[in-house]
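One structure is given here, and the rest of the page talks about it.
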Amino acid sequence: RVWCALTVGLPFMAFDLTLAYLGGVYIVQSDSDESMLSDTLAMVFIAEIDELLYVAFTSDIMRQSLENMHPVEVAMSNKKRLITWFACSILNPLVTVLAAVAVSHSTRSVHCPEYAMSGQFLLD
Numbered sequence: 712r713v714w715c716a717l718t719v720g721l722p723f724m725a726f727d728l729t730l731a732y733l734g735g736v737y738i739v740q741s742d743s744d745e746s747m748l749s750d751t752l753a754m755v756f757i758a759e760i761d762e763l764l765y766v767a768f769t770s771d772i773m774r775q776s777l778e779n780m781h782p783v784e785v786a787m788s789n790k791k792r793l794i795t796w797f798a799c800s801i802l803n804p805l806v807t808v809l810a811a812v813a814v815s816h817s818t819r820s821v822h823c824p825e826y827a828m829s830g831q832f833l834l835d
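Residues in the sequence shown are numbered consecutively from 712, following my numbering.
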């Protein structure tokens, strides 16, 4: 289980976090509302391209086989369930919001020298 987390989970998470950060910087640097919209759509396309490739290059029979496979059952204690719930329901959204604020702040401070961090950035 640890090997799977290290070889699959961590690289996937690192890729997603890097994509989220760079995508946020790319979107924030848009010059107009129209370019921000098109940049956002481009980032959504990049984030979802793996699903599109899966559908395009996997046959229907293979997809049905994968979808109908018997699930791997993992015995979890209530402590692990509570930790997993906390991580998914509270920690993950909190980290996402904090990362968005950090990207917005760092981009503004680089491109707007007169920008000072205050509560005003929450209203923008």
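Don't be surprised by glycine CBs; every beta carbon is placed ideally from N, CA and C. This structure is a prediction, so every number in the text was calculated from the model and none was measured.
- Where does T769 sit, in a helix, a strand or coil, going by DSSP? Looking up residue 769 in the sequence shown gives position 58. Reduced to three states, the DSSP call for T769 is coil.
- Quick one, which of S741, V806 and T751 has its alpha-carbon nearest M708's? This structure cannot speak to residue 708, because the chain is shown only from 712 to 835.
- Query: Are the Cβ atoms of A716 and A810 separated by less than 8 Å?
  - Reply: Against the sequence shown, residue 716 aligns to sequence position 5. Against the sequence shown, residue 810 aligns to sequence position 99. The answer is no: Cβ separation not under 8 Å.
- Alpha carbon to alpha carbon, what distance is there between A758 and V766? For this step, residue 766 is matched to residue 55 along the sequence shown. For this step, residue 758 is matched to residue 47 along the sequence shown. Between V766 and A758, the C-alpha separation is close to 15 Å.
- Item | CA-to-CA distance, P804 to L752, given in whole angstroms | Translated into positions along the sequence shown, residue 752 becomes position 41. Translated into positions along the sequence shown, residue 804 becomes position 93. If you take the alpha carbons of L752 and P804, they lie about 22 Å apart.
- Under 6 Å Cβ to Cβ from G734, same chain only, skipping five residues before and after it: list those, please. Taking the first residue of the sequence shown as position 1, residue 734 is located at position 23. So the list reads M754, once near-sequence residues are dropped.
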